[in-house]
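Participant: Just dropping this structure here.
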């Protein structure tokens, strides 16, 4: 009985150990089967591949895996690697669960040749390597394989390019009729030691090639290369997503695409050794001018505006040269700031520079405006040429206003001399010797007192009139703020208001040269023409007005406008000789 019980216990222990072994074996078997069930497959959507076209590499796994488990950096050596997208799908069939993870990457080979996509290992599962063949576009045409739905082509205007010459690089994207672009971008071409700039906007159109209709998108770039020798233009590239409609369907699945145009090699030619002057290369350069005002003769001291326009084709604005002009010493020249513009006309692109000069002749006679010449190199004829403005001679006559100013200025001293003459004429002959000396002295005293009374009344009356006029104008005259004086003076000159202009002119001179105690016209650092215009104003206000019934402030306004743009400082020697003259 005891033996039977011991045997039963021994059998129970053996049965428990057998069960544990069986369970461990099952777990190991299931784990091994799970690992063995993970499969990863790599494939491409086309082979061979036309150079410049992209293809799709797809990695498919039958389990859920993370995107970080796959490293595609090994592809960068031979391919342009686009964006990688990840998709996953879970399904149940007859109660069995299945899961699929797909990695999709767009690749484009850099050159023609044979390439190998290496094997990838993900969680101990390894794909097979793939051999692909990249062929040229011409080879694809020979084999009839170049029937692509989307294509990118480039064109340049001229292959004989010089240093600094601008040429047009045109890219055209062709999209077949059954293909629709969902999203995309065209990159800029790249050059070394040069500039690339997009010009204008994209142009949409259509074109039929080999019986197929394509939609076209054209974009242009202006390229300038600054180094002579062989230059490689890294081509534009299209990166986007397209969908190709199948028969019976409105649209197909969206596919990522990378397309690169052909590389362009240029031999940039250097500047010829025989060329003289500042380098400017173009196929068209023109220089025009205009004189304002247009008339037969010009008066001394009045400004003449000479406007020059330099226009060049296929040149950047920064490449336009400065104009060197040797002006005669008999004129004063005030140049305006150059105006630079660019524009397109009839498929050509132009740069333009407009220069304007205010020329003030200070001598009467024949004035010769100098010749202006711009050297340039004709890229078509490959010869140096010159765009020239011939010298132009104009006649300068005496300024009528200047003559009137001189006469009026001389007439200012006339009243004093004429009064003295009258006083001398009214003086009676000395009395006879028999007259009493007392009466003679009394006569002189009373005559002097009478003259003093007349002079005092005259000055009082004159001051009263000026005070009245000042009171009338006090509502609009404000010289406390520097910014208020010039607009008021300008308005008074335009309105030909001599009295208001005189008062404001004195205040404006004080603001321009605050370091001066007096503002004598002869000592101020202003031009002779400006002094003459100021004398005309003073002569009209304080001289004899019988000679002219009106005064025109246009000439003085012109001179003061010139004076504002070029202000001079007053030296200490000039300050010592200053006497007030603007406010008698």
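Numbering (the numbering used here), first residue to last: 969 to 1552. Cβ atoms here follow ideal geometry from the backbone N, Cα and C, with glycine treated the same way.
Determine which residues share a DSSP beta bridge with residue 1252 and list them.
Facilitator: Its beta-bridge partners do not exist; DSSP assigns none.
Participant: Whole-angstrom Cβ separation of residue 1357 and residue 1334, contact assumed at under 8 Å?
Facilitator: No, residue 1357 and residue 1334 are not in contact; Cβ-Cβ is about 18 Å, not under 8 Å.
Participant: What residues are listed by DSSP as bridge partners for residue 1193?
Facilitator: Its beta-bridge partners are 1162.
Participant: Bridge partners of residue 1076, per DSSP?
Facilitator: Note: residue 1076 sits in a beta bridge opposite 1022, 1048.
Participant: Leaving out five residues before and five after residue 1246 in sequence, what residues of the same chain have Cβ atoms less than 6 Å from its Cβ?
Facilitator: Around residue 1246: 1289.
Participant: Whose C-beta lies closer than 8 Å to the C-beta of residue 1244 among residues of the same chain, with five residues either side of it excluded?
Facilitator: Cβ within range, chain order: 1343, 1352.
Participant: Using the Cβ count rule (16 or more neighbours within 10 Å means buried), how would you classify residue 1419?
Facilitator: Exposed is the call here.
Participant: Please classify residue 1296 as buried or exposed, where buried requires at least 16 neighbouring CB atoms within 10 angstroms.
Facilitator: It is exposed - the Cβ of residue 1296 has fewer than 16 other Cβ atoms within 10 Å.
Participant: So for residue 1455, helix, strand or coil by DSSP?
Facilitator: In this structure, residue 1455 counts as helix in the three-state DSSP scheme.
Participant: Determine, using beta carbons only, whether residue 1133 and residue 1347 come nearer to each other than 8 Å.
Facilitator: Against a cut-off of 8 Å, the Cβ pair of residue 1347 and residue 1133 comes out as a contact.
Participant: Can you give the Cα-Cα distance for residue 1173 and residue 1143, rounded to whole angstroms?
Facilitator: Rounded to whole angstroms, residue 1173 to residue 1143 spans 11 Å at the Cα level.
Participant: At what residues does the alpha helix (DSSP H) containing residue 1525 begin and finish?
Facilitator: Run containing residue 1525: 1522-1533, per the alpha helix (DSSP H) assignment.
Participant: Buried or exposed, going by whether 16 or more other CB atoms sit within 10 Å of the CB of residue 1044?
Facilitator: The residue in question, residue 1044, is exposed, as its Cβ has fewer than 16 Cβ neighbours within 10 Å.
Participant: Hey, quick one: how far does the beta strand (DSSP E) through residue 1352 stretch, first residue to last?
Facilitator: Unbroken beta strand (DSSP E) run through residue 1352: 1351-1357.
Participant: In three-state terms, what does DSSP make of residue 1120?
Facilitator: The answer is strand: DSSP assigns residue 1120 an E or B state.
Participant: Who are the near neighbours of residue 1033 in its chain, counting only those whose CB is closer than 7 Å to its CB and skipping five residues on each side?
Facilitator: Within the same chain, residue 1033 has close Cβ partners 1069, 1090, 1091.
Participant: Can you confirm whether the segment 1034-1053 touches the segment 1175-1195 when touching is taken to mean that 3 or more C-beta pairs between the two stretches lie within less than 8 Å?
Facilitator: Touching, no.
Participant: Quick one: grab the DSSP three-state call for residue 1360.
Facilitator: Residue 1360 falls in the strand class under three-state DSSP.
Participant: For residue 1321, which option in 1277, 1313, 1299 has the closest C-alpha, if you only look at C-alpha atoms?
Facilitator: Comparing Cα positions, the closest option is 1277.
Participant: What would DSSP say about residue 1402, mapped onto helix, strand or coil?
Facilitator: Low local confidence applies: a pLDDT of 44 at residue 1402 is under 50, so the model's placement there is unreliable, with the coordinate-based value given in what follows. Coil, per DSSP.
Participant: Is the beta carbon of residue 1204 less than 8 Å from the beta carbon of residue 1171?
Facilitator: No, these two residues do not count as a Cβ contact at 8 Å.
Participant: Pull up the distance between the alpha-carbon of residue 1388 and that of residue 1415, whole angstroms please.
Facilitator: Any reading at residue 1388 must be qualified, since the residue scores a pLDDT of 41, below 50, and its modelled position is unreliable; no value is offered.
Participant: Can you tell me which of the three DSSP states residue 1243 falls into?
Facilitator: Coil, per DSSP.
Participant: Since I believe residue 1075 is in contact with residue 1048 (beta carbons under 8 Å), could you give me their beta-carbon distance rounded to a whole number of angstroms?
Facilitator: About 7 Å separates the two Cβ atoms, so the contact holds.
Participant: Between the C-alpha atoms of residue 1363 and residue 1238, what's the straight-line distance to the nearest angstrom?
Facilitator: Each residue's Cα considered, the two are about 47 Å apart.
Participant: Out of curiosity, what's the CA-to-CA distance linking residue 1010 and residue 1028?
Facilitator: Approximately 7 Å between the Cα atoms of the pair.
Participant: Put residue 1170 into one of helix, strand or coil per three-state DSSP.
Facilitator: Strand.
Participant: Identify, in the order they occur along the chain, each residue of the same chain with its Cβ nearer than 8 Å to the Cβ of residue 1317, setting aside the five sequence neighbours on each side.
Facilitator: Same-chain partners within the cutoff: 1134, 1136, 1167, 1190, 1281, 1282, 1310, 1311.
Participant: Quick one: Cα of residue 1456 to Cα of residue 1300, how far?
Facilitator: Roughly 28 Å separates the two Cα atoms.
Participant: What residue range does the beta strand (DSSP E) around residue 1130 cover?
Facilitator: First-last for residue 1130: undefined, no H or E at that position.
Participant: How far does the alpha helix (DSSP H) with residue 1505 in it extend, from its first residue to its last?
Facilitator: Element bounds for residue 1505: 1496-1510.
Participant: List the whole-angstrom C-beta distance separating residue 1193 from residue 1236, where the pair is believed to meet the contact cut-off of C-beta under 8 Å.
Facilitator: Right, the Cβ-Cβ distance comes to about 5 Å (below 8 Å), so this counts as a contact.
Participant: Express the C-alpha separation of residue 1146 and residue 1211 in angstroms, rounding to a whole number.
Facilitator: Distance between the alpha carbons of residue 1211 and residue 1146 is about 9 Å.
Participant: Between the Cα of residue 1107 and the Cα atoms of 1060, 1523, 1350, 1019, which residue gives the shortest distance?
Facilitator: Closest by alpha carbon: 1019.
Participant: Within a Cβ cutoff of 7 Å, which residues of the same chain sit near residue 1221, ignoring the five residues on either side of it in sequence?
Facilitator: Only 1211 meet the Cβ criterion.
Participant: Please work out which residues of its chain come closer than 7 Å, Cβ to Cβ, to residue 1531, disregarding the five sequence neighbours upstream and downstream, and give them in chain order.
Facilitator: Counting only Cβ-Cβ distances below 7 Å, and skipping sequence neighbours, we find 1494, 1498.
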